[in-house]
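Chemist:
This is the structure in structure tokens:
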């Protein structure tokens, strides 16, 4: 009876959804069932999160401006949410899929996400955002192709292949969560996976002489990874929705949460070759391999596994600086991406974000600008929309570190719609950090060692910096980004180191317009779940 009711509710939801989104763009429908199941990624049986019985979950294939209707049935015994890493959700943070914006799907129920990949192209991924589900799977690739009438700055590849790489634990995710809840740090990961499998677990078959596109996403929990293919060079063509200058690399550093597209031509003798992925900036280097198999090969892989970079920070920093926007390429709309002169716009505000680690109440916590985030009893976006007082306070995190001892709060920073701001990530720690902002792409204008000062702006790239949604910050270094705040909503800014995110290293950026116009932000979806103090609220605020 519950399933029948869910189906009826799903059909009603679809009709309401179609009535509230543009009818001019194509629709793609997905029905996903989320379950637990046995998986053996490192040869040890463990409990994983499956989507339609798959680990990793199914890829999403789409084209610019497609409407994605994704009906998710939660067959877990736990509340569940999916988030869309890099999908910007124009005017619609209700669908972002993090607890600050969206009520969890209760066990035995479903929710239909309605996403439009508005004016986007590129390589992204989805993942479970609640609890510590990300350590159990539930992730998958997203690719957004350009519309046929928009030229792409390279010939069509022979095939388009998704590679989801990431560090992995053989411990059950509930055990890892309990370790964090107990106030402790996680141990080192047990291995590296490629598309859900450990060493030699995946075979990619290619034809000699042809060129293939590999979309590489680091869906792991904490480690930067280096990706390389034995005997082959990689031509970088796209980063998280931006066509790039087509630079060739022998290996590529992919930091947590980042996605890259490379073209690889199968120009070597007909045999099999190693694809190698290893951790970067770690004392103990974890490496996994998979196989690139030429279809006319009669010879297995041979020789040593290709090694990663021998130098540490400098080579990675130089590689990051070499990634630039292709100003001659068209974007998802028929105008050059470089026509938006981001470097000529006056900055209206500078925000400096500094991470920290400390014990609070004898438990390990992590913070941004001295505030360690704690979730409220109601999603912040719902509280904001329904004007429910007492859930959060705008300004509970400052634009700069306060110098206070770390403390707990539901941190929300206010920002004005259409402002043009600078954010500086300052890293005083000895680790490589990775930061992501939902709802936006931003220009990575500069990065360097030491402490940022206003004079550091002299080092900025104000012409062809890459636009992306996740950026790294090297040890004892800074990274600066520019953002045009053109997307009203409540947006999560977080570390992509998932244990740190879970223990407080995140906050919400409330991009606000007092006009409250549908031109700026959609109404709450008709099928939106209500929870906490928003439970029982009408679809529209009174």
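In mature numbering (1 follows the signal peptide of the UniProt record, and there is no 0), the protein residues as written are -23 to -1, 1 to 519.
The beta-carbon is built from N, C-alpha and C at its ideal position, and this holds for glycine as well.
#1: When you compare the CB positions of residue 76 and residue 107, do they come within less than 8 Å of one another, or not?
#2: Given a cut-off of 8 Å on the beta-carbon distance, is the pair residue 157 and residue 476 in contact?
#3: Sort out for me which residues DSSP pairs residue 190 with in a bridge.
#4: Taking Cβ positions, are residue 346 and residue 379 nearer each other than 8 Å?
#5: Report the rounded CA-to-CA distance for residue 234 versus residue 194, giving the unit in angstroms.
#6: Helix, strand or coil for residue 220 per DSSP?
#7: Just to confirm, is the Cβ distance from residue 18 to residue 170 under 8 Å?
#8: State the DSSP-derived secondary structure class of residue 110, mapped to helix, strand or coil.
#9: Going by other Cβ atoms of all chains shown within 10 Å of its Cβ, with 16 needed for buried, is residue 512 buried or exposed?
#10: Does the stretch 387 to 399 touch the stretch 365 to 376, meaning 3 or more C-beta pairs lie closer than 8 Å?
#11: Starting from residue 154, trace the alpha helix (DSSP H) both ways and give me its first and last residue.
#12: Are the CB atoms of residue 472 and residue 421 nearer to each other than 8 Å?
#13: With DSSP as the reference, please indicate the residues paired to residue 337 in a beta bridge.
#14: State the DSSP-derived secondary structure class of residue 412, mapped to helix, strand or coil.
#15: Could you name the residues that DSSP lists as bridge partners for residue 417?
#16: Measure the Cβ-Cβ separation of residue 51 and residue 57 and say whether it is below 8 Å.
#17: Is residue 220 closer than 8 Å to residue 306 when the C-beta atoms are compared?
#18: Check each candidate in 167, 360 and 64 and name the one with the smallest Cα separation from residue 120.
#19: I'd like to confirm the pairing. Which residues does DSSP put opposite residue 179 in its beta bridges?
#20: If I follow the unbroken beta strand (DSSP E) through residue 5, where does it start and stop?
#21: Identify the continuous beta strand (DSSP E) that holds residue 454 and give its terminal residues.
#22: Helix, strand or coil for residue 31 per DSSP?
#23: From residue 469 to residue 276, what distance separates their C-alpha atoms?
#24: I need the boundaries of the alpha helix (DSSP H) containing residue 361, first residue and last residue.
#25: Using the beta-carbon count (16 or more within 10 Å), is residue 111 buried or exposed?
#26: Hey, how far is the Cα of residue 89 from the Cα of residue 20?
#27: Please list the segments of the beta strand (DSSP E) lying wholly inside the stretch 44 to 97, counting only runs of 3 or more residues, in order along the chain.
#28: Return the chain-ordered list of same chain residues with a C-beta closer than 7 Å to the C-beta of residue 448, the five sequence neighbours on each side being excluded.
#29: Give the DSSP bridge partners of residue 39, in chain order.
#30: According to DSSP, simplified to helix, strand and coil, what is residue 200?
#31: Look up residue 423 in the DSSP assignment and say whether it is helix, strand or coil.
#32: Output yes or no for whether 8 Å exceeds the beta carbon distance between residue 55 and residue 117.
#33: From 40, 240, 147 and 179, pick the residue whose C-alpha is nearest to that of residue 132; which is it?
#34: Assign residue 167 to one of three DSSP states: helix, strand, or coil.
#35: Please report how far the alpha carbon of residue 224 lies from the alpha carbon of residue 202, in whole angstroms.
#36: According to DSSP, simplified to helix, strand and coil, what is residue 25?
Modeler: So, to answer that:
#1: Your numbering for residue 76 matches position 99 in the chain shown. Your numbering for residue 107 matches position 130 in the chain shown. It is a contact, given that the beta carbons lie within the stated cut-off.
#2: For the purposes of this step, residue 157 is taken as residue 180 along the chain shown, with counting starting at 1. For the purposes of this step, residue 476 is taken as residue 499 along the chain shown, with counting starting at 1. Contact check for residue 157 against residue 476 passes: the beta carbons are separated by less than 8 Å.
#3: Mapped onto the chain shown, residue 190 falls at position 213. In the DSSP output, where bridge partners are listed per residue, residue 190 has 137 and 240.
#4: By 1-based counting over the chain shown, the position of residue 346 is 369. By 1-based counting over the chain shown, the position of residue 379 is 402. Yes, the pair counts as a contact, with Cβ atoms nearer than the cut-off.
#5: Here residue 234 corresponds to residue number 257 of the chain shown, with the count starting at 1. Here residue 194 corresponds to residue number 217 of the chain shown, with the count starting at 1. Roughly 7 Å separates the two Cα atoms.
#6: Position 243 of the chain shown holds residue 220. Collapsing the DSSP output to three states places residue 220 in a strand.
#7: Position 41 of the chain shown, counting from 1, holds the residue named residue 18. Position 193 of the chain shown, counting from 1, holds the residue named residue 170. Yes, the pair counts as a contact, with Cβ atoms nearer than the cut-off.
#8: Within the chain shown, the letter at position 133 stands for residue 110. If DSSP states are grouped into helix, strand and coil, residue 110 belongs with the helices.
#9: Residue 512 sits at position 535 when you count from the first residue of the chain shown. With fewer than 16 neighbouring CB atoms inside 10 Å of its own CB, residue 512 falls in the exposed class.
#10: These segments touch.
#11: Taking the first residue of the chain shown as position 1, residue 154 is located at position 177. DSSP places residue 154 in the uninterrupted alpha helix (DSSP H) bounded by 150 to 158.
#12: In the chain shown, counting from the first residue as 1, residue 472 sits at position 495. In the chain shown, counting from the first residue as 1, residue 421 sits at position 444. No; because the gap between Cβ atoms is not below 8 Å, this pair is not in contact.
#13: The count along the chain shown starts at 1 and reaches residue 337 at position 360. Residue 337 pairs with 340.
#14: Taking the first residue of the chain shown as position 1, residue 412 is located at position 435. Correct three-state label for residue 412: strand.
#15: Counting from one through the chain shown, the residue named residue 417 turns up at place 440. Bridge partners of residue 417: none, in fact.
#16: Residue numbering aside, residue 51 sits at position 74 when the chain shown is read from its first letter. Residue numbering aside, residue 57 sits at position 80 when the chain shown is read from its first letter. With contacts defined by Cβ atoms closer than 8 Å, residue 51 and residue 57 form a contacting pair.
#17: One-based indexing of the chain shown puts residue 306 at position 329. One-based indexing of the chain shown puts residue 220 at position 243. Contact: yes.
#18: On the chain shown, position 143 is the one that residue 120 refers to. Here the closest residue by C-alpha is 64.
#19: Stepping through the chain shown from its first residue, residue 179 is reached at position 202. In the DSSP secondary-structure assignment, residue 179 is not bridged to any residue.
#20: Walking along the chain shown from the start, residue 5 turns up at place 28. Note, residue 5: beta strand (DSSP E), 4 to 16.
#21: To locate residue 454, count along the chain shown from 1; it is residue 477. That run of the beta strand (DSSP E) goes 454 to 461.
#22: Along the chain shown, read from residue 1 onward, the residue named residue 31 stands at position 54. DSSP, reduced to helix, strand and coil, places residue 31 within a strand of the structure shown.
#23: To locate residue 469, count along the chain shown from 1; it is residue 492. To locate residue 276, count along the chain shown from 1; it is residue 299. In this structure, the straight-line span from the alpha carbon of residue 469 to that of residue 276 is close to 49 Å.
#24: For the purposes of this step, residue 361 is identified with residue 384 of the chain shown, where counting begins at 1. Counting along the chain, residue 361 sits inside the alpha helix (DSSP H) bounded by residues 357 to 362.
#25: The count along the chain shown starts at 1 and reaches residue 111 at position 134. So residue 111 ends up on the buried side.
#26: Along the chain shown, one-based indexing puts residue 89 at 112. Along the chain shown, one-based indexing puts residue 20 at 43. Each residue's alpha carbon lies about 35 Å from the other.
#27: Entirely contained in the stretch 44 to 97, the beta strand (DSSP E) runs reaching 3 residues are, in chain order, 44 to 51, 59 to 62 and 87 to 93.
#28: Within the chain shown, the letter at position 471 stands for residue 448. Here the set comprises 412, 421, 456 and 458.
#29: To locate residue 39, count along the chain shown from 1; it is residue 62. The partner list for residue 39 (beta bridge, DSSP) reads 121.
#30: Taking the first residue of the chain shown as 1, we reach residue 200 at position 223. The answer is coil: DSSP assigns residue 200 none of H, G, I, E or B.
#31: As a first step, residue 423 is located in the chain shown; it is residue number 446 there, counting from the start. Residue state, collapsed to three classes: strand.
#32: If you number the chain shown from 1, residue 55 lands on position 78. If you number the chain shown from 1, residue 117 lands on position 140. The answer is no: Cβ separation not under 8 Å.
#33: Against the chain shown, residue 132 aligns to sequence position 155. Closest in C-alpha terms to residue 132, from the list 40, 240, 147 and 179, comes 240.
#34: For the purposes of this step, residue 167 is identified with residue 190 of the chain shown, where counting begins at 1. DSSP places residue 167 in coil when its eight states are reduced to three.
#35: The residue you call residue 224 lines up with position 247 of the chain shown. The residue you call residue 202 lines up with position 225 of the chain shown. When rounded, the separation of the alpha-carbon atoms in residue 224 and residue 202 is 19 Å.
#36: Within the chain shown, the letter at position 48 stands for residue 25. The three-state secondary structure of residue 25, taken from DSSP, is strand.
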